[in-house]
Each structure stands twice: as C-alpha cells, then as structure tokens.
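> From first to last, the protein sequence lines are chains A and B. All the letters of the first sequence, read from the start, carry residue numbers 1 to 317 under the working numbering. All the letters of the second sequence, read from the start, carry residue numbers 1 to 457 under the working numbering. Just dropping this structure here.
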Amino acid sequence: MGRRHPFSIFLQGAILTMRTGTAKAQRYGFIAAFTLPAFAFFCIFTIYPVLQALYYSLFDWSGMSEHKTFVGLDNFKAMFRDPIVWRSVGNDYFLVAGKVIGIMALATFFAVALTRFRFKLSGFFRSIFFIPNVISVVVIGVLWNFIYNPQIGFLNAFLSLFTKEKVDIAWLGFPAHTIWMLLPPAIWAGIGFYMILIIAAIQNIPSSLYEASDMEGAGQWSQFRSITLPLVWEQVKVSIIHITMTTLNGSFIIVWIMTEGGPDNSTQVMGSYMYQMAFRQFHFGFGAAIGVLILVVSLITTIVLQRLMRQETIELG
Amino acid sequence: MRNRRKIGVISLAILLVAMLLAACGQKKGDTASPSASQPAASPPASSASASASAPADSGTKLTGDFEVQYFVGGYGDKWWNKVIDDFAKANPGLNVIKSGGPQINEQMKPRWIGGNPPDFIYIDGAGLNDRQMVEDGQLEDLTDWFKTAKNVDGDLIGDILAQAPQQYGGKIYNIPLVLNSWGIFWDKALFKEKGWTEPQDFQQFLQVGDQIKAAGINPFIHTGKYPYYINGAFLYPAIVSANNNDPSILQDMAANKPEAFRSPAVLAALNKIVQLRDKGFIDKASVQINHTDSQMLFLQHKDAFIPNGLWLPNEMSKDIPSGFDFGFIPSITQDPGGKVVANTSTATVAVAAKAKNKEAAKAFLQFIFSKAQASQWAELSGAPSNIKGDISASNAPNYVKDAAKYLTDPNTVVIPTITYNADVDKAMMDATLALTIGKITPEEWVKRVSDAAAKVK
Chain A
1 MGRRHPFSIF LQGAILTMRT GTAKAQRYGF IAAFTLPAFA FFCIFTIYPV LQALYYSLFD
61 WSGMSEHKTF VGLDNFKAMF RDPIVWRSVG NDYFLVAGKV IGIMALATFF AVALTRFRFK
121 LSGFFRSIFF IPNVISVVVI GVLWNFIYNP QIGFLNAFLS LFTKEKVDIA WLGFPAHTIW
181 MLLPPAIWAG IGFYMILIIA AIQNIPSSLY EASDMEGAGQ WSQFRSITLP LVWEQVKVSI
241 IHITMTTLNG SFIIVWIMTE GGPDNSTQVM GSYMYQMAFR QFHFGFGAAI GVLILVVSLI
301 TTIVLQRLMR QETIELG
Chain B
1 MRNRRKIGVI SLAILLVAML LAACGQKKGD TASPSASQPA ASPPASSASA SASAPADSGT
61 KLTGDFEVQY FVGGYGDKWW NKVIDDFAKA NPGLNVIKSG GPQINEQMKP RWIGGNPPDF
121 IYIDGAGLND RQMVEDGQLE DLTDWFKTAK NVDGDLIGDI LAQAPQQYGG KIYNIPLVLN
181 SWGIFWDKAL FKEKGWTEPQ DFQQFLQVGD QIKAAGINPF IHTGKYPYYI NGAFLYPAIV
241 SANNNDPSIL QDMAANKPEA FRSPAVLAAL NKIVQLRDKG FIDKASVQIN HTDSQMLFLQ
301 HKDAFIPNGL WLPNEMSKDI PSGFDFGFIP SITQDPGGKV VANTSTATVA VAAKAKNKEA
361 AKAFLQFIFS KAQASQWAEL SGAPSNIKGD ISASNAPNYV KDAAKYLTDP NTVVIPTITY
421 NADVDKAMMD ATLALTIGKI TPEEWVKRVS DAAAKVK
C-alpha cells in the first residue's frame, strides 16, 4: 500500500470508524478525502446560492425590505411578457455567435500562422496577442470607450484622416444595433487565450504527418483542412463551449462598463438587465427570476452544443 | 506520531474555518462596527461609550445607544463628524454610534432587511431610494411630529425649511437636508469673449444657440448614459413652465397618475427637446457618454451649455481651466418674461421605523435643523443647506450665490423635492434619450411613460 495519506487516516477515523483495516474502506476513505471537501464547498458556494435565487424568484421583494410577498410564478410570467428580457436574450446569443465565430476564426488563424508558417517574430506576436487576456475586462471596457468616443476618440480621429469633414459618429449611440459595437472589444479581449490553446494542440501534432503530406504534394490549405483542423478539433470544441458559457454568464461586465444597457435598452443583456432590475429598480425577485433564466439558458445551450459537436473527434492512436 | 500531529493541525484548521463560516452566517446583522470605514478611531464614540456606562445624572433624558447611518459622497463627512460630536457632547448620557462611509448603504443593507436598522439615516448615494424605503415601511411616520417640532433654538422646523418635505399619500417620512438645484451652466468668460448674450428664456437660448453653432461650437451637451441630468435640468422645469408654473403636475407624475403624463404641458416640454434636436444643437457625443466625460467636454469649450446640478464646479474643481467663470440659470425653457423654474435636488434624513432609540433620533433632527448647524453644513460640505437664509452666507462660492439669488427670488418657482417611482423614472430616462436621438416622437414618449406609470399603479 505504501505510505498512507494523512487525510485518508483522518477520514477513516472520522467517517469510517468501524471498518479500519480493510482495503476497501481505505480506498473509499481516500476517495472521500478528495471529493467530500470539494463537494461541501460546491454545496455552500454554488448549490446553496442557486437554491436561494430560485427561492427569491418566487417573491415580490424590493431587496431592502424586511417583508417579502410570495407571488408564485408571477415574476416569471412578467419576465416572459417583458420585451426587454427577450431583447436581452437575443443580444446575449448575438454576442455568443459573434464571439464564437470571431474569436475562433482569428485565434485559429493566428495559431496556424504562428506555428505552421515559421517566422522570426512569432514569439513576439504570441505575447502581443495574449496581452489583452491579462488586462481586466473593466480596463478593456474603459479603453474601448475612449476609442469609440465621438469627440476625442481614436476611431473618429482615424476616420477623419480620410474625409474632408471631421467624423463625429457616436459609435455606442445608434438607435438600433449598437450591440454590434460591443463585439470588437469582446473578440479582441478573447483571442489570446484560445490562440494559446490551439497552438498547444498544433504543436502536439507529429511533424511526420506534415512531412508525409508535403511529399504527397499537399498545399498549406489542404494540410490545414485535412490534418490541423481534425487534430485540434477537441480544443476547438472546448473553446466554443467555453466562449459560450462565459459569454452567457459574463457579458454583463463589458456591457455595464461600456453602455449600461443603453441607449434605450438596446444593448441590454440578461446579466445587465438583472442588475438593473434588482439593484436600480428594486425588483429583487424579478432579478432573481432573470438569474434563473440565465442558469437555464446556459445549461440548455451547453448541452445542445455538446450534443451537436460530439461526433468526429479524431485521436492519434 | 508525526502523522497524528498533522491530523490534529488539519482538523483544527477545518474546525476554525467551519466556525468562521458559521460566525459569518449568523452575525451578519449584529456587528454594528461603529465607524468601520473610519480607521481613525473617533474619540467621541469611545468617550461617549465611557460616559454611557456612568449613571445618566447629567440632567439629559437621552440615554442608551443611538446610531447614525450616513453615506459619504460628494459632500464629504466633515459635517457629519462635527455635528455628531456636538450632539454627543450635548447629550453625555447617550452612546452615539457613527456608521458612515462611501459603502455604508451596502454594508447596512443586511440590517435593514433583518429588521435591525440604525436609528437615524441620511438618504443619499447609490442603493438608497427614499420612495422605496417608504413603500417598504422602513421609515418612521413623521407627519404629526413635524407639525409641532421645534429645533433646539425654539424655531418651528417647518417654518425655516426652504423646501418642504415630500408627501407620500399626505404623510411625511423624510426631511430634506440639502438644497441643491438643477440648472443650465455656461462659461461667462467665453460668452463675453464671443459677444454672446447670456440667455434668460427659451427664445434667447435658441437665438444664442444659433450663433454658437455658427461659431463652430456645439451648443448643448448632456450625459446620455444618465439621462436624469437632462430630465432634471431641462425637461421637468419645462413641464412646470408649460403648466402655468404649477409644479403639482410633477407630484402627480410622482404619484404614478398616467393622466398627468398625458397633459399638454408634458408634450410642450418634450417638443422643446425636439427643437434642440432638430436644430442640431445637441452634441452627437451626448448619447453615449457619462457625466464626467460630458463635463470635461463642456470645460474644454467643445460645448457651450450643459444641464447639470450646482455640485458641478465642486465636482470638477481639479479640471476647471483658469479663467473659467460658471454662469448658471435654474431653467432655460420659460417663455420671455416667464418665471424661472428651479428644480431642486436634495438628500433627506429620516428615522427608521424600527429604530430602538426614536427619542434620540428625533432630538437629533431638532439638533441638526438649526441655523448654526445649517451654516456649518454650507461651510463644511460646500452645498447649500435646506434652512432658509443660510444660502447667502458670505463664504459661499459665486455660483452658489447666483443660485441663492434665484432660489430666494419671489419670481422663481421652486419645485419641491420629488422622488419618482424607480420604474417610471427609468422609463422617462430611456424615453428622453430615445427622443434626443430621434428614435421616438414626443407622443411615443408619453405613451411609453404613461404605460409604465399605469403598470406601477
């Protein structure tokens, strides 16, 4: 058996007091030692808050009052009748789609460029592309706010170089479709991490495969399609699911920093609308209901995505 | 053996963590932590607690604990420290607890929810809304008290207030402490240099706006991220002007009466915004920027007028270019010869419905609504207090004196403090912003907002 783990002994003493000595108990004790603490923390910090949110979503509560009124599913009914909720869901999925396409396309492109086309500065560029990942999303939001600023922003100043009149477009103030403008910062901020992930995957591909295909006369494009892409598919899959989940749960930050859901609620996402309703308009129960919606939507989306992408993972034997 | 000891240490650690968690869970509401946000241990609190343990034979009736919650924001906490210390000195039998700080509203929330609030609260800053607190039944009904309450100098408090408390269904729960005003600002120096006339009514405003635009400067900027600035300084005064200077229409709006929003006065006021928009007066940057950015552009002379509040010069004091001279008028939307309308902005004080020491809280109200404390407020916080007469204090800055001139002028309509329902307020903000960028018409504004009001009701 070798040395006995102190935890296993501890738990053996505490939980499985009777059956010390048997190999089975030791095994269970060992497993419990690693799973139970994690499970306990998971319960306290994840399950319990989720249940709390579910509970609050059944009440009409200002978030400050001593008294809550039980309203059953009224918050959910009101939520489904609220056009802003639907717009928020739409905006969230827009960001998911835009980010998945934008980030994956660019991250894959850069990863391939930095590994397959060997050139001198690839290490330098790898660091450059990764920098946005080290910056806090809050800083990114503020930064891009300056880029988009109609009066003193970089974008208008740059465009003004090519026009006679000074360009004064309010990039975050269109009557509709302002959500499009949140895509560039979100994509820019996300590329680095997924690029590194795919670079690592590409580097794991044996070079003999490429050499063989070279001899067969395959060009870069067909090498990418027939070798690189299938062999990094697992990483692409993980990346897509990760982008989807982090966007559905975390799009709040960039929206809140850049537009607070405005103008006129046109860039509202589920997270920002939840915050607005719970803490600015004093409908905590309604906010909790949106929280439950976020949970359900994220779960369903993740499951569906996993099903959709389950096939064709190719592993090297 | 060594393993045994390790186990002991680990289990001890686990036990400690568990106890800590349990403590966090339980004591949430009970840790009063006087002046948690003020590391400089305030001597009065400790001295007061020392004297509290002594028998209260000093002739004062007030005993026990008395806790004050005050948000520390733009007005600072100098005045609160001073006035609370003075009050503690005047009532040696009382153990006064200060709970103040920039995050105090968040920190005290669990105690309000748990039914263990402080005795006295200054309602200001994010996360607090007086109307919501009234609706939640968290504030003491002060209606009867207010009728007869005299301050420490023997003046009837109701007589010396510049603006009356807001009434909720005929009842009073909170009393305005600050008297600030919304209005339109410009730079007198710039106007002098360019030979522009400082406007006194809407017609002059439009005229000078044309001149400003012709000179290549944007006439008007506001903060689209927070449209309550343009609502507070432009729209509401315009509504009152169009309503024959009768502010009761705003009170009806605050009472969520949908028909108030359908009044022709509202439409007339909205059409003034449309005029600004169609003349191209509104800086296109407005829609997406926050208040600081809009104020910066104003200070840099990219824009000539800005709707804002009297705290603006104080807020931007570090960034004001030399020679900049603030001009101010509470409203710009009146017809020629019409009265100026001042939409006040305030922060109020109240007693918790579940206060344990209501006697002390009411005595504190009588203490702070005195002329002496009021002039101290103006001095220490840089904002006019809500006690009549104090606003023209000689040490006040120029723009405050300008404001004082307007606010005390019998020809000025002073809108009493009003807090709208949060849902309706948000609907008005969204709709006004949509109106400024041409997304909706004034009629759609009315429809949207009256629908929101009807839903709340």
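For glycine and all other residues, C-beta sits at the position ideal for the given N, C-alpha and C.
Can you give, in chain order, each stretch of the beta strand (DSSP E) that sits fully within the stretch 268 to 301 of chain A and has at least 3 residues?
As far as the stretch 268 to 301 of chain A is concerned, it has no whole beta strand (DSSP E) run of at least 3 residues.
> When you compare only the Cα positions, how much space is there between leucine 58 of chain A and arginine 81 of chain A?
The straight-line gap from Cα to Cα measures roughly 16 Å.
> Return the CA-CA distance between valine 446 of chain B and serine 322 of chain B, expressed in angstroms with no decimal places.
Answer to the nearest angstrom: the Cα atoms are 43 Å apart.
> Excluding five sequence neighbours on each side, which residues of the same chain lie with their C-beta closer than 7 Å to the C-beta of asparagine 129 of chain B?
Contacts found: Thr419 and Ala422.
> Locate the alpha helix (DSSP H) running through glutamate 67 of chain B, then write down its first and last residues.
Element bounds for glutamate 67 of chain B: not the alpha helix (DSSP H) but the beta strand (DSSP E), 64 to 71.
> Within 10 angstroms of its Cβ, does glycine 183 of chain B collect 16 or more other Cβ (buried), or is it exposed?
Buried is the call here.
> Would you mind telling me which residues of chain A sit closer than 7 Å to isoleucine 437 of chain B, beta carbon to beta carbon, in chain order?
Here the neighbours are Gly173, Pro175 and Pro263.
> Apply the 10 Å Cβ neighbour rule to isoleucine 440 of chain B and answer buried if 16 or more other Cβ atoms are within range, or exposed otherwise.
Its Cβ being crowded by 16 or more others within 10 Å, isoleucine 440 of chain B is buried.
> Need the endpoints of the alpha helix (DSSP H) that valine 85 of chain A sits in, please.
83 to 115 is the extent of the alpha helix (DSSP H) around valine 85 of chain A.
> Counting pairs of Cβ atoms below 8 Å between the stretch 168 to 177 of chain B and the stretch 119 to 139 of chain B, do you hit three or more?
At 8 Å Cβ cutoff, the stretches touch.
> Do three or more CB pairs link the stretch 318 to 338 of chain B to the stretch 211 to 231 of chain B at distances below 8 Å?
No contact exists between the stretch 318 to 338 of chain B and the stretch 211 to 231 of chain B.
> Under the three-state reduction of DSSP, which class applies to serine 213 of chain A: helix, strand or coil?
Reduced to three states, the DSSP call for serine 213 of chain A is helix.
> Please tell me whether alanine 252 of chain A has its Cβ less than 9 Å away from any Cβ of chain B.
A small fix is needed here, since residue 252 of chain A is phenylalanine in this sequence, not alanine. Chain B, which has no Cβ nearer than 9 Å to the Cβ of phenylalanine 252 of chain A, makes this no.
> Please return the same chain residues whose Cβ sits closer than 8 Å to the Cβ of isoleucine 84 of chain A, not counting the five positions on each side in sequence.
Excluding residues within five positions, the ones whose Cβ falls inside 8 Å are Asn265, Gln268 and Tyr273.
> Candidates B/Ala403, B/Leu62, B/Pro313 and B/Met296: which alpha carbon is nearest threonine 344 of chain B's?
Of the candidates B/Ala403, B/Leu62, B/Pro313 and B/Met296, the one whose C-alpha sits nearest the C-alpha of threonine 344 of chain B is B/Ala403.
> Using the three-state DSSP reduction, which class does serine 58 of chain B fall into: helix, strand or coil?
Confidence at serine 58 of chain B is low in this model, with a pLDDT of 37, below 50, so the placement of that residue should be treated as unreliable; the coordinate-derived value is given next. Correct three-state label for serine 58 of chain B: coil.
> Could you tell me the distance, in whole angstroms, from the CA atom of tyrosine 240 of chain A to the CA atom of methionine 104 of chain A?
Note on residue identity: the sequence assigns isoleucine, not tyrosine, to residue 240 of chain A. If I take the Cα positions, the gap works out to 8 Å.
> Report the option in A/Gly271, A/Arg310 and A/Phe284 whose CA atom is closest to the CA atom of valine 297 of chain A.
Cα-wise, what sits closest to valine 297 of chain A is A/Gly271.
> Using DSSP's beta-bridge definition, name the partner residues of asparagine 95 of chain B.
DSSP output for asparagine 95 of chain B lists B/Asp65 as bridge partner(s).
> Using a Cβ-Cβ distance under 9 Å, would threonine 259 of chain A count as near chain E?
This model lacks chain E altogether; the protein chains it does include are A and B.
> Cα separation between serine 33 of chain B and leucine 365 of chain B?
The predicted model places serine 33 of chain B with a pLDDT of 38, which falls under 50 and marks its position as unreliable; any figure quoted below should be read in that light. Spanning the two alpha carbons is a distance of roughly 23 Å.
> Give the secondary structure of isoleucine 240 of chain A by DSSP, where H, G and I count as helix, E and B as strand, and everything else as coil.
Of the three classes helix, strand and coil, the one that applies to isoleucine 240 of chain A here is helix, per DSSP.
> Roughly how many angstroms lie between the CA atoms of leucine 177 of chain B and alanine 170 of chain A, to the nearest whole one?
Cα to Cα, the separation comes out at about 39 Å.
> As a quick exercise: from B/Gln138, B/Ile172 and B/Lys98, pick the residue whose alpha carbon is nearest that of asparagine 116 of chain B.
It is B/Gln138.
> Give the C-beta separation of leucine 142 of chain B and valine 351 of chain B to the nearest angstrom, bearing in mind that I take them to be a contact with Cβ-Cβ under 8 Å.
The pair is a contact, with the Cβ atoms about 7 Å apart (cut-off 8 Å).
> Rounded to the nearest angstrom, how far is the Cβ of proline 307 of chain B from that of alanine 233 of chain B, given a contact under 8 Å?
3 Å between Cβ atoms; contact.
> Are any of the Cβ atoms in chain A nearer than 9 Å to that of glutamine 38 of chain B?
Because the pLDDT at glutamine 38 of chain B is just 37, under 50, the model does not fix this residue reliably, and the value given afterwards should be weighed accordingly. Not an interface residue.
> Would you say aspartate 168 of chain A reaches chain B, if we count a Cβ-Cβ gap shorter than 9 Å as a contact?
True, the Cβ-Cβ gap to chain B drops below 9 Å.
> Below 8 Å, can you find three or more Cβ-Cβ pairs linking the stretch 34 to 54 of chain A to the stretch 240 to 254 of chain A?
Taking 8 Å as the limit for Cβ pairs, the verdict is that the stretch 240 to 254 of chain A does not touch the stretch 34 to 54 of chain A.
> At which residue ranges does the stretch 94 to 171 of chain B contain complete beta strand (DSSP E) runs of 3 or more residues, listed in the order of the chain?
The stretch 94 to 171 of chain B contains these whole beta strand (DSSP E) runs: 94 to 101 and 120 to 123.
> Below 7 Å on C-beta distance, what does asparagine 75 of chain A contact in chain B?
Those do not exist, as asparagine 75 of chain A stays about 14 Å from chain B at its closest Cβ, beyond 7 Å.
> Listed in chain order, which residues of the stretch 279 to 290 of chain A have Cβ atoms closer than 9 Å to some Cβ of chain B?
Answer in chain order: Phe279, Arg280, Gln281, Phe282 and His283.
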